[in-house]
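Per our numbering, the very first residue in the sequence shown carries number 3; after that it's consecutive. All C-beta atoms, glycine included, are put in the ideal place defined by N, C-alpha and C. Quick caveat: nothing in here was measured; it's all calculated off a predicted structure.
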Amino acid sequence: MGRLSNKVAIVTGAASGIGAAIAKLFVEEGGQVILTDLSPEGETYAQALGRSARFVRHDVTDEEGWRALTQEVLEREGHLDILVNNAGIGNAPHPSTPDVALLDDWRQMLRVNGEGTFLGCKYGIAAMRAAAGGSIVNMSSVASATPTSMNAAYGFSKAGVAQFTRSVAQFGAPLRIRCNSIHPGYTATPILQGLFDKIERDMDISGAQARQRFEELVPLGRLGEALDVAYGVLYFASDESRHVTGAQLVIDGGSTLGKPAVQATQ
Ligand SMILES: NC(=O)c1ccc[n+]([C@@H]2O[C@H](COP(=O)([O-])OP(=O)(O)OC[C@H]3O[C@@H](n4cnc5c(N)ncnc54)[C@H](O)[C@@H]3O)[C@@H](O)[C@H]2O)c1
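Structure, rendered in structure tokens:
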């Protein structure tokens, strides 16, 4: 308790899944949290979190919206200490294999996951510059480093987020602004359910079978939960990581380790 006392945080994409779990954990740890999302459902959720939370409807691709949001936070709360660029999309409406991906889908993926993160960092840095520094946490994915032939645009966008995070870390260090990325594996949220639904529509297996196949890829034996990821974000947001910048934290139940040819059991 109290790991974020006196800190003001913006969490984007906080109406659902991982963002909602981050916002709740931040409030529990004493933070003042501004939840943002495209979806108006964030309003109800923020109210349920109590007086330390409020909601601002915002599309992360809207630059004017970022300017207004960060200005308003500085006016109302006086400072911005933490920014979590979590909002993202995972599935294009059409297949996203390298041979048939549609340019419009590709651009939309890059707009939300890539440009949204860029704009967040740009206005987050401007707001944190006024104070004694801050912490920016960008949501990448294990898809930044492993091939994603069924969702090529997604992997491309998340690799960009990972690389950009390190540029921001290098730039921000003299300003005492840290920037780190989180790389979740398969985490049970609406975005992943969307993928299972898509597989059911496009391929010859049910959504439940798809889920089981994904679970089998995780050495720790289950899909991640939103809270598993939120705990990692809390570490980067809090002063416990005060000497950490440009780092990449993988939270994937070991799925990127691969499986050994022979498994030792003792
Ligand atoms: N769930 C997973 O398996 C997984 C794995 C790796 C990375 N991630 C990443 O974690 C983040 C959160 O995903 P999630 O699993 O909680 O999914 P989710 O769909 O539950 O939540 C994403 C939220 O982002 C919001 N959003 C989408 N576009 C937006 C925009 N333009 N502006 C503002 N808000 C917008 C949505 O309304 C939604 O509330 C994403 O960046 C995602 O790519 C998820």
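Three-state class that DSSP yields for residue i in the structure shown
i, result
"Leu85", "strand"
"Ser169", "helix"
"Leu6", "coil"
"Met141", "strand"
"Val75", "helix"
"Ser151", "coil"
"Gln110", "helix"
"Ile127", "helix"
"Ser146", "helix"
"Leu251", "strand"
"Gly135", "coil"
"Ser98", "strand"
"Ala161", "helix"
"Gly90", "coil"
"Val246", "coil"
"Ser343", "Here the chain covers residues 3 to 268 and nothing more, so residue 343 does not appear."
"Gly118", "helix"
"Gly67", "helix"
"Leu105", "helix"
"Val235", "helix"
Environment of residue i [buried if 16+ CB atoms lie within 10 Å]
i, result
"Gln34", "buried"
"Gly80", "exposed"
"Asp230", "buried"
"Thr167", "buried"
"Arg244", "exposed"
"Ala129", "buried"
"Thr191", "buried"
"Gly52", "exposed"
"Ala55", "buried"
"His3", "First, the amino acid is wrong: residue 3 is Met here, not His. Exposed, by the Cβ-count rule."
"Phe57", "buried"
Proximal residues to residue i (C-beta, below 6 Å), its chain only, five neighbours per side dropped
i, result
"Ala23", "Ala228, Leu229 and Ala232"
"Ala11", "Phe28, Gly33, Val35 and Ile84"
"Val144", "His185, Gly187, Asp254 and Thr258"
"Arg5", "Glu31 and Ser240"
"Gly162", "Gly116"
"Lys160", "Ser142, Ser143, Ala145 and Ser146"
"Val170", "Cys123 and Cys181"
"Gly248", "Arg168 and Ala171"
"Gly209", "Phe198, Asp199 and Glu202"
"Trp108", "Ala155"
Beta-carbon contacts of residue i that lie in its chain and below 8 Å, excluding the five residues immediately before and after
i, result
"Ala103", "Ala94, His96, Pro97, Ala154 and Ala155"
"Gly21", "Val13, Thr14, Gly15, Leu37, Asp39, Val86, Asn88 and Ala89"
"Val246", "Arg180, Asn182 and Phe238"
"Pro221", "Gly255, Gly256, Ser257, Leu259 and Lys261"
"Thr99", "Ser151, Met152 and Ala154"
"Arg69", "Tyr125"
Cβ-based neighbour list, residue i, same chain, cut-off 7 Å, excluding 5 preceding and 5 following
i, result
"Phe216", "Tyr188 and Leu225"
"Arg178", "Ala134 and Gly135"
"Pro42", "Arg59"
"Asp204", "Pro97"
"Gly196", "Gly92 and Asn93"
"Thr150", "Tyr156 and Gly157"
"Val235", "Ile24, Val86, Val139 and Ile184"
"Ile207", "Ile201"
"Ser7", "Gly32"
Residue i: CB within 7 Å of a non-hydrogen atom of ligand 2
i, result
"Thr63", "Absent from the structure shown: ligand 2. Ligands present: ligand 1."
**Asked** Could you give the uninterrupted runs of the alpha helix (DSSP H) lying entirely in the segment 9-65, keeping only those of 4 residues or more?
**Response** 19-30 and 43-51
**Message:** Which runs of the alpha helix (DSSP H) at least 4 residues long sit entirely within the segment 165-230? Give them in chain order.
**Reply:** 192-204 and 209-218
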